[in-house]
Amino acid sequence: MELGFQLYSTDFRLGWPQIEDEMYSFTPQEYGLLVGVTGVGAWFYTSVIKDTERFYAQVDVTPLSCPELAGYGLQFRVQDDANFYTYTVYCNGTYSVLAQEDGVWRGGISSGPLPNASLPADTNTGQRLALAGDGPNFTLFYNGYVVAQFRDDGFPDGDVGIYIDASRSQERLEVLYQHMEVWTLR
75 MELGFQLYST DFRLGWPQIE DEMYSFTPQE YGLLVGVTGV GAWFYTSVIK
125 DTERFYAQVD VTPLSCPELA GYGLQFRVQD DANFYTYTVY CNGTYSVLAQ
175 EDGVWRGGIS SGPLPNASLP ADTNTGQRLA LAGDGPNFTL FYNGYVVAQF
225 RDDGFPDGDV GIYIDASRSQ ERLEVLYQHM EVWTLR
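Plus 74 on top of the position in the sequence shown (first one is 1) and you've got this note's numbering.
Quick look at the structure:
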């Protein structure tokens, strides 16, 4: 895989919302964006990366509190708030790719355990989640390891953003998003 030109880069310190609520919070920090959710899923996409049929996106993230059924990751090929994919890494050492189509979740795209060698020893350890999309073909990465390859032609292009999900947990999930980059593929 050869990267082309950089479409987007952020350290999450500027231009991101500050929101405080009992269900979710987004708080810019000196070293990134601290995101916390309890019992819900939340996402933000950049709104500046369009027509990404061939792209590579990566995000550096550190989970600070990570309940077993909660997860965090990337949102990609975003059309709007009701049509997109998610690549989610769960705190129990698994991952999934889901699509939301017209507000309805569709699973079964790709899921399974993360490679054992890629798993951090505990929370508070920085991680890198990445994915490459080339038309309907995708490759998922976690800490430099290939997690999976799959094919899905639901959305041909779209925006990229962050995703966090604690909808299956009543415990609070907190992660620090530290850096995100999006590149074209050559």
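Beta carbons: idealized from backbone N, C-alpha and C, even for Gly.
Computed from a predicted structure; not experimentally measured.
(Q) Please classify Gln252 as buried or exposed, where buried requires at least 16 neighbouring CB atoms within 10 angstroms. (A) Residue 252 sits at position 178 when you count from the first residue of the sequence shown. The residue in question, Gln252, is buried, as its Cβ has 16 or more Cβ neighbours within 10 Å.
**Q.** Per DSSP, the bridge partner or partners of Ser83
**A.** Along the sequence shown, one-based indexing puts residue 83 at 9. According to DSSP, which records beta bridges pairwise, Ser83 is partnered with Glu255.
**Q.** Selected residue, minimal CA-CA separation from Arg202, among Val111, Val135 and Asp208
**A.** What you label residue 202 is simply residue 128 of the sequence shown in a count that begins at 1. The residue with the shortest Cα to Cα distance from Arg202 is Val135.
Q | Segment contact, 8 Å Cβ cut-off, at least three pairs: the segment 108-116 with the segment 233-247 | A | yes
Q | Distance, Asn198 Cα to Ile183 Cα | A | The residue you call residue 183 lines up with position 109 of the sequence shown. The residue you call residue 198 lines up with position 124 of the sequence shown. Taking the straight line from one Cα to the other gives about 29 Å.
**Q.** Local Cβ density within 10 Å of Gln174, reported as buried at 16 or more and exposed below that
**A.** Along the sequence shown, read from residue 1 onward, the residue named residue 174 stands at position 100. Under this definition Gln174 is a buried residue.
Q) From Trp257, Met254, Leu259 and Glu248, pick the residue whose C-alpha is nearest to that of Pro54; which is it? A) This structure leaves residue 54 out entirely; the chain is present only between 75 and 260.
**Q.** Coarse secondary structure for Asn190, derived from DSSP in three states
**A.** One-based indexing of the sequence shown puts residue 190 at position 116. Note: Asn190 maps to helix in three-state DSSP.
**Q.** Through-space distance from Leu259 to Phe79, alpha-carbon basis
**A.** Walking along the sequence shown from the start, residue 79 turns up at place 5. Walking along the sequence shown from the start, residue 259 turns up at place 185. Rounded to whole angstroms, Phe79 to Leu259 spans 8 Å at the Cα level.
Q.
Taking 7 Å as the threshold (C-beta atoms), are Tyr237 and Gly147 in contact?
A. Residue numbering aside, residue 147 sits at position 73 when the sequence shown is read from its first letter. Residue numbering aside, residue 237 sits at position 163 when the sequence shown is read from its first letter. Yes. Within cutoff.
Q) Considering only the beta carbon of each residue, do Phe150 and Val234 sit closer than 7 Å? A) Sequence index remark: in the sequence shown, residue 150 carries index 76 (1-based). Sequence index remark: in the sequence shown, residue 234 carries index 160 (1-based). A contact, by the Cβ cut-off of 7 Å.
Q: Report yes if the C-beta distance between Val152 and Gly232 is below 7 Å; otherwise report no.
A: For the purposes of this step, residue 152 is taken as residue 78 along the sequence shown, with counting starting at 1. For the purposes of this step, residue 232 is taken as residue 158 along the sequence shown, with counting starting at 1. Cβ atoms of Val152 and Gly232: closer than 7 Å.
Q) Looking at the unbroken beta strand (DSSP E) that takes in Ile236, where does it start and where does it end? A) Translated into the one-based positions of the sequence shown, residue 236 becomes position 162. Ile236 -> beta strand (DSSP E) spans Asp233 to Asp239.
(Q) So, with DSSP's three-state summary, where would you put Arg246? (A) By one-based count along the sequence shown, residue 246 stands at place 172. Arg246: coil per DSSP, three-state reduction.
Q | Simplified DSSP assignment, three categories, for Leu88 | A | Mapped onto the sequence shown, residue 88 falls at position 14. Leu88: coil per DSSP, three-state reduction.
Q | Test item: CB-CB of Tyr130 and Leu77 under 7 Å | A | For the purposes of this step, residue 130 is taken as residue 56 along the sequence shown, with counting starting at 1. For the purposes of this step, residue 77 is taken as residue 3 along the sequence shown, with counting starting at 1. It is a contact, given that the beta carbons lie within the stated cut-off.
Q. Got a sec, what are the start and stop residues for the beta strand (DSSP E) Gly207 sits in?
A. By 1-based counting over the sequence shown, the position of residue 207 is 133. Here the beta strand (DSSP E) through Gly207 covers Gln201 to Asp208.
Q: Name the two residues that bound the continuous beta strand (DSSP E) containing Pro137.
A: The residue labelled residue 137 in the question sits at position 63 within the sequence shown. Per DSSP, Pro137 belongs to the beta strand (DSSP E) from Arg128 to Ser139.
Q) In this structure, what does DSSP give as the bridge partners for Ile123? A) Locating residue 123 in the sequence shown gives position 49, counting from the first residue. None; Ile123 has no bridge partner.
Q: Tell me where the beta strand (DSSP E) around Arg151 begins and ends.
A: Working through the sequence shown from its first residue, we reach residue 151 at position 77. Here the beta strand (DSSP E) through Arg151 covers Gly145 to Asp154.
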